[in-house]
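Peer 1: With our numbering applied, the sequence shown corresponds to residues 164 to 331, in that order.
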Amino acid sequence: YSTLTHISSSGINAEYGGVLKAGLATFGRLFDHRAILQGEARYFIEEFQVKRKGSEVTKLNECCDVLQRHCQQTLPESVTSIQENLTQLDTKVLQLTQLCDLILPDRIEPDTIGATAYSRPPSPGQDHAWDDFMKQMEEERKTIDRLFDNEIEQFKIYLARNSSPTPL
164 YSTLTHISSS
174 GINAEYGGVL
184 KAGLATFGRL
194 FDHRAILQGE
204 ARYFIEEFQV
214 KRKGSEVTKL
224 NECCDVLQRH
234 CQQTLPESVT
244 SIQENLTQLD
254 TKVLQLTQLC
264 DLILPDRIEP
274 DTIGATAYSR
284 PPSPGQDHAW
294 DDFMKQMEEE
304 RKTIDRLFDN
314 EIEQFKIYLA
324 RNSSPTPL
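#1: What residue range does the alpha helix (DSSP H) around Asp295 cover?
#2: My output table needs one value for His196: the three-state DSSP class, helix, strand or coil.
#3: What separation, rounded to the nearest whole angstrom, lies between the Cα atoms of Ile320 and Asp308?
#4: In this structure, does DSSP put Leu252 in helix, strand or coil?
#5: Please report the distance separating the alpha-carbon of Leu265 from that of Asp295.
#6: Out of curiosity, what's the CA-to-CA distance linking Leu167 and Asp195?
#7: Taking the alpha-carbon positions, what's the Leu259 to Leu252 distance?
#8: If we ignore side chains and look at the alpha-carbon of each, how far apart do Lys326 and Asp312 end up?
#9: What would DSSP say about Leu262, mapped onto helix, strand or coil?
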């Protein structure tokens, strides 16, 4: 449009100016591809959405088929297998319990004098070696716990002395 103003101000006849103006408008419409590009973009997006919806429906159908197969076939087979294995496990546990009853004495007397959480009945030839060992381990654990607690307290004191409040 600025070219038209320049041409008409330079003294060209008004009749030719109208023709020139119409020609430039036609030229602008011919080479302005915005409407075409917008239409193509809309078409592409619509096609993409339609194809995407179709693939989502397909995937949902596949998931539904897998779920139905598991509910109708795999789960009942698993339940049957579990029941069979549990009965076998029950019989094995019963057999092992009977073997343990044969090995262990009928009645185990608890060691009430100096008993620890790890006490067990003395085995022949061992006397109280196991209980003595476990008592020693318990004492060492308590010593280590006290040292650790002391170190933690010292660290807290160190932090309290050397930390300054930071502005938020």
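Idealized CB from N, CA, C, for every residue including glycine.
Peer 2: The answer reads as follows:
#1: Ala292 to Asn325
#2: coil
#3: 18 Å
#4: helix
#5: 28 Å
#6: A caution first: Leu167 carries a pLDDT of 48, below 50, which makes its placement in the model unreliable, though a value can still be read off. Taking the straight line from one Cα to the other gives about 19 Å.
#7: 10 Å
#8: The sequence shown places Ser at residue 326, not Lys. The straight-line gap from Cα to Cα measures roughly 21 Å.
#9: helix
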